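Asks: One structure follows; several queries about it will come next.
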Amino acid sequence: MLKIQVKTFEQLTKLELYYLLQLRSEVFVVEQDCVYQDLDGKDEKSIHVLGFKNEKIIAYTRIFKPGDYFEEASIGRVVVAKDERKHKYGYDIMKASIETIKTQFNTDKIKISAQCYLNKFYTNLGFKSIGETYLEDGIPHVAMIKD
């Protein structure tokens, strides 16, 4: 079972920060073979949603209040460790992120920039594609909205 913790940047321990950046690097840079600047200066104003299993971070998102990334609240850097995906923890971390946005920012409207191959996953969570697909860091993406 996934244990969820929600923290501001200042509340993260050094080890938590290290492990969440390690997970993001493992998936977004190494597994997806995508050279890009993960450390983009946005982590400091994000709320971090951490998914722990056996005291290890295996799932993660960062969320933004309306106006910090998009006009709407937003969820990004959605990641689950490769060997843990079979347990569907992506749904757990996303549901926790959606609920955190609802309680902390008092809004149901969320916009994301989703990798196209994950369209069905996000659709199952209530998101709808808007607009055309576009390349972000060489990977096809589509904007999606949930309201």
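Numbering-wise, the sequence shown is residues 0 to 146 according to numbering that gives the first Met the number 0.
All C-beta atoms, glycine included, are put in the ideal place defined by N, C-alpha and C.
The structure presented is a predicted model; accordingly, all values stated were derived computationally and were not measured.
Short of 8 Å in beta carbon distance, which residues of its chain neighbour E54, apart from the five on each side in sequence? Order them along the chain.
Replies: Once the five neighbours on either side are set aside, E54 has no close Cβ partner at all.
Asks: Tell me the rounded alpha-carbon separation between F84 and E70.
Replies: Residue identity differs from the one stated: residue 84 is Arg in this sequence, not Phe. One C-alpha to the other measures close to 31 Å.
Asks: Which residues in the same chain as V78 place their Cβ atom closer than 8 Å to its Cβ, once the five residues preceding and following it in sequence are excluded?
Replies: Excluding residues within five positions, the ones whose Cβ falls inside 8 Å are L22, R23, V26, F27, A58, Y59 and T60.
Asks: Thinking just about the alpha-carbon of each residue, which of D32, V29, L11 and E30 is nearest to the one in K44?
Replies: Ranking the options by Cα distance to K44, first place goes to L11.
Asks: Tell me L134's beta-bridge partners as DSSP assigns them.
Replies: Answer by DSSP bridge pairing, in chain order: P139.
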